[in-house]
Every structure is written in structure tokens, then in C-alpha cells.
Amino acid sequence: MSNLALAYQQLGQVPEAKDAIATSLALLAAEPDHRDRQNILPQALNTQGSLQMSWGQAEAALNSLQQAEAAYEQVGDQAGVFRSLLNQAQTLRVMGLYRRSLNILNQVNHTLEEQPYSPLKAAGMRQTLKIPVFLKNLPCLLSLLVLLVLYTGAYAIRPYGLYCMM
């Protein structure tokens, strides 16, 4: 149902998307002992948070994403936790809470530092580059740019390089 909500959103059918995600979460709440509930709930909450962000409901989105993070932690899905944290950082950035966003991104990047290259690792670095420069120290920013070039190639950072150098 959460994928159906995303499909409705893509089609611009917001009321149907809201109904689909609400139905998805209601079904999960009605079946607390369902064997797949623990794996489906965090995905549904993450989807709800993403949809709420697209509807301009940043505070509600942040709440949903924090619930998703906790649910991912409960099932031991570290990649899900990181995706949820990246979404939270993006939401905080949209809300103008740059320092909190940067703290989350630093936490994610520190944890991912020891991991091999992955799209998730590159996404974490790209999100960090979207935080205004005045909130970061320049050596840290430059090292992130170098790492991003090494991991993804120069093409991936062009849009962010200009943004960061302002």
C-alpha cells in the first residue's frame, strides 16, 4: 500500500496518496502480530515521511521519519536507519535547522566512513554538501569534496560544488 501511495503521488493524486498511506499504516496497526509487520512498518513510515515532506508538512514528516528510524533499528536494518537519517537531515535542512541537519549528517558520515563504497555512502556525502558553508569548517568541506570525487567521479559533484563555493 505504501508503494501505491507513492504511485498516486507521482500521478499528482494527493488525496488518493493520503488515503493509501493511511490505509497501509492502519492495516499494520490492526495486525500487530503479523509476521512481516516489523519489516513493512519502517518502510511505510519512511514513505509517509517522504509524502508529508512533498506536501509541505515538514514537522509531521520529521516525526514519521524518526519513527521509521526507530522501527528500522528494531529490525536491525542499518541501511534503512541511514536512509531514514538522511531523510531527516534533508527535512531539517528544509525547515532551516541547518545545525541539527549537519549533526545528523556528521553522525551518518562518521559511521559510513569505515564502510566500502555504496550509493548510500555517496548520498550521505552529497547531503552534507547541501548545508551552507558558513556552518561548516572549510577543511572538512574540502575533504568531503575530495572523497565525493573519489567515490562518484567529478560529474556527480558539479551541481553541489558551485553551491558549496558560494
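First residue of the sequence shown: 123, per our numbering; consecutive thereafter. For glycine and all other residues, C-beta sits at the position ideal for the given N, C-alpha and C. Because the structure is a prediction, the values reported are computed rather than measured.
Residues near residue i by beta carbon distance below 7 Å, same chain, minus five either side
i, result
"residue 206", "168, 187, 190, 191 and 194"
"residue 130", "138, 139 and 142"
"residue 183", "171, 174, 175 and 213"
"residue 122", "Past the boundaries of the shown model lies residue 122; the chain is included only from 123 to 288, so the question cannot be answered."
"residue 127", "139, 142, 143, 146, 169 and 173"
"residue 222", "214"
Residue environment, residue i, which counts as buried when at least 16 other CB atoms sit within 10 Å
i, result
"residue 215", "buried"
"residue 241", "exposed"
"residue 136", "exposed"
"residue 152", "exposed"
"residue 224", "buried"
"residue 144", "exposed"
"residue 156", "exposed"
Proximity below 8 Å, CB of residue i to CB of residue j
i, j, result
"residue 227", "residue 201", "no"
"residue 219", "residue 245", "no"
"residue 238", "residue 199", "no"
"residue 197", "residue 161", "yes"
"residue 180", "residue 124", "no"
"residue 150", "residue 159", "yes"
Cutoff 8 Å; reference residue i; Cβ partners in own chain excluding five residues on either side
i, result
"residue 276", "Low local confidence applies: a pLDDT of 48 at residue 276 is under 50, so the model's placement there is unreliable, and no value is given."
Own chain, CB closer than 6 Å to residue i, minus 5 neighbours either side, in chain order
i, result
"residue 217", "180"
Exercise. Considering only residues of the region 167-198, which uninterrupted alpha helix (DSSP H) runs meet the minimum length of 4 residues and lie entirely inside it, listed in chain order?
Worked result: 180-197
Problem set entry | Unbroken stretches of the alpha helix (DSSP H), 4 residues or longer, contained in the region 191-236 | 200-216 and 220-234
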